[in-house]
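FYI, in the numbering used here the residues of the sequence shown are 174 to 338.
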Amino acid sequence: MVIPDSTLQALNALAQQQGGAVALISGRSMAELDALTHPWRLPLAGVHGAERRDINGKTYIVSLPTALRDEIAAELTSALEALPGCELESKEMAFALHYRQAPQQQSAVLELAQRIVQRYPLLALQLGKCVVEIKPRGVNKGEAITAFMHEAPFAGREPVLSAMI
C-alpha cells in the first residue's frame with residue numbers, strides 16, 4: 174500500500190491547522206503506519222488499538238505474555254500448513270490469519286481462530302476482509318480513540334472519523 178504524497182501533505186496540513194489533533198487509527202502496526210506516513214510522525218493507534226503513540230511520542234502497548242504468544246504462534250503455524258494459500262502474520266500483540274489467496278479456506282481459518290480464542294479468555298477475534306485476527310480482549314479502535322480524546326490536543330474536541338487505513 175502507498176499513500177499518495179498529496180494525501181500525506183493534506184494530513185499534515187490538517188494536523189497543523191488542528192493543533193496536532195489528527196491521529197491515524199488502523200489494524201496495521203505502528204511501524205507500518207510510520208513507514209506509510211514518513212516523514213511525518215502523527216499520533217497513531219495500530220493493531221486495532223493494541224499499540225498507541227500520543228502527541229508527545231509516548232507509546233502504550235498491550236502485549237501478550239511471551240510464552241502464550243510463542244505457544245499460539247507454534248499452533249497456528251502448524252495448523253496453517255494444512256490450509257494451502259493461508260498465511261500467518263505474527264505481530265507482537267496479535268496474529269493475523271490471511272486467506273485472501275485461498276478464500277475457500279475462510280471457514281477453516283475462522284474455526285481455527287475460534288478454537289484458540291475459546292481456550293484463552295484474554296483473547297478475542299477481529300474479523301476483516303479475508304483476514305481473521307486474534308488479539309488481546311478489550312483492545313479495539315474505539316478504546317484507542319477514547320484514550321486520545323482524554324489527552325491534549327484532542328480533549329474537549331468532537332471526534333471526526335474518516336476512512337481508515
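C-beta: ideal position from N, C-alpha, C; glycine also.
Start-to-end residues for the beta strand (DSSP E) that takes in Lys302: No beta strand (DSSP E) contains Lys302, which DSSP labels as neither H nor E.
Near the ligand GDP: Cys303 beta-carbon under 8 Å from a heavy atom: The ligand GDP is absent from the structure shown, which contains no ligands of any kind.
Which residues DSSP lists as bridging Phe268, in chain order: Looking at the DSSP assignment, Phe268 forms a beta bridge with Ser263, Ile307.
Proximity of Ala320 and Arg225 at Cβ, strictly below 9 Å: yes
Reduced DSSP category for Leu152 - H, G, I as helix; E, B as strand; rest coil: The displayed coordinates of the chain run from 174 to 338. Any statement about residue 152 would go beyond what the structure contains.
Span separating the alpha-carbon of Ser280 from that of Ala223: 26 Å
Status (buried if at least 16 other CB within 10 Å, exposed otherwise) for Ser179: exposed
Pairwise C-alpha distance: Leu296 and His323: Straight-line Cα distance between these residues: approximately 26 Å.
Neighbour-count burial assignment, Arg310, 16 or more Cβ in a 10 Å radius: By the 10 Å Cβ count, Arg310 comes out exposed.
Bridge partners - Glu224, DSSP secondary structure assignment: For Glu224, DSSP records a beta bridge to Gly219, Ile234.
Proximity winner among Lys231, Leu241, Pro257, relative to Ile307 (alpha-carbon distances): Leu241
Segments assigned alpha helix (DSSP H), at least 4 residues, entirely inside the segment 274-303: 279-292
Contact set for Ala246: own chain, Cβ-Cβ below 8 Å, skip 5 residues either direction: Leu261, Ser263, Phe268
CB-CB length for Leu217 against Ala196, believed under 8 Å: 6 Å
Where the alpha helix (DSSP H) through Gly315 begins and ends: 314-322
Beta carbon of Gly219 nearer than 9 Å to that of Leu206: yes
Distance between Leu181 and Thr210 (C-alpha atoms, nearest Å): 6 Å
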